[in-house]
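Notes to accompany the following structure.
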Amino acid sequence: MNTRLSSVAALIALAGITHATPGEPPSRLIDSPLSAGNLLDTGVGLMIVLAIMLGLAWLVKRYVQVPGIGKGQVQIHGGVSLGAREKAVLLSVEGRRLLVGVAPGRVQTLLVLDDTANPRPAFAEQLEVASGAAAAGHPGARE
259 MNTRLSSVAA LIALAGITHA TPGEPPSRLI DSPLSAGNLL DTGVGLMIVL AIMLGLAWLV
319 KRYVQVPGIG KGQVQIHGGV SLGAREKAVL LSVEGRRLLV GVAPGRVQTL LVLDDTANPR
379 PAFAEQLEVA SGAAAAGHPG ARE
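Numbering of the sequence shown is given in my numbering, commencing with residue 259 and proceeding in unit increments.
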C-alpha cells in the first residue's frame, strides 16, 4: 500500500511538472513531419538524387562502350518465322549477306550472297520510277 501511494504521488508530481497552464506556452514545440519545411527539404533532396542518377546514366551511355550495343559488324536486315520455333534471318556481315536458319539449339547458314550482287535502288530512283508509272497510267497527269 505504501509503494502504491508513493508511485501515485510521483505520477502526480510528474504531471504537474510537465503540464503547462492554459495561458503559458508549452516548453517544447514538436514539429509535424508534414510541415512545409520538412516537405520542401524532402522534395529538394529527392530532386538532387534524381538529377545525380540521370547524370550518371547519361555519362555511362555516352562514354562506356558496352559490347553488343549500337552499330556493330553484324546487322540484321529482316527475318521470317518458318514454324513455331524456327525462323530464317537475313544478316549482313563485312559486306556479305547471309541467310541463316535459326532453330532451338542450332543456327545454320542457308545461303551466302554478296551485297553487290543485287543492290537496292535508292529511294529517289524508286520515287522516280513510281511517279513515271503513275504519270503513264493517267492521261491527264501533268509533265
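Backbone N, C-alpha and C fix where the C-beta goes; we use that ideal spot for every residue, glycine too.
Inter-residue Cα distance where the pair is residue 321 and residue 315: When rounded, the distance between both Cα atoms is 10 angstroms.
Residue 368 vs residue 346 beta-carbon contact at 8 angstroms: Going by beta carbons, residue 368 and residue 346 fall inside the 8 angstroms limit.
Range covered by the beta strand (DSSP E) that runs through residue 369: Start and end: 364–372.
Spatial distance of residue 356 from residue 311 (CA atoms): In a straight line, the C-alpha of residue 356 is about 42 angstroms away from that of residue 311.
Contacting residues, own chain, Cβ-Cβ under 7 angstroms from residue 366 (five flanking each side not counted): In chain order, 358, 359 place their CB closer than 7 angstroms to the CB of residue 366, counting only its own chain and leaving out the 5 sequence neighbours on each side.
Classification of residue 385 by the beta-carbon crowding that lies within 10 angstroms, buried from 16 upward: Flag for residue 385 reads exposed.
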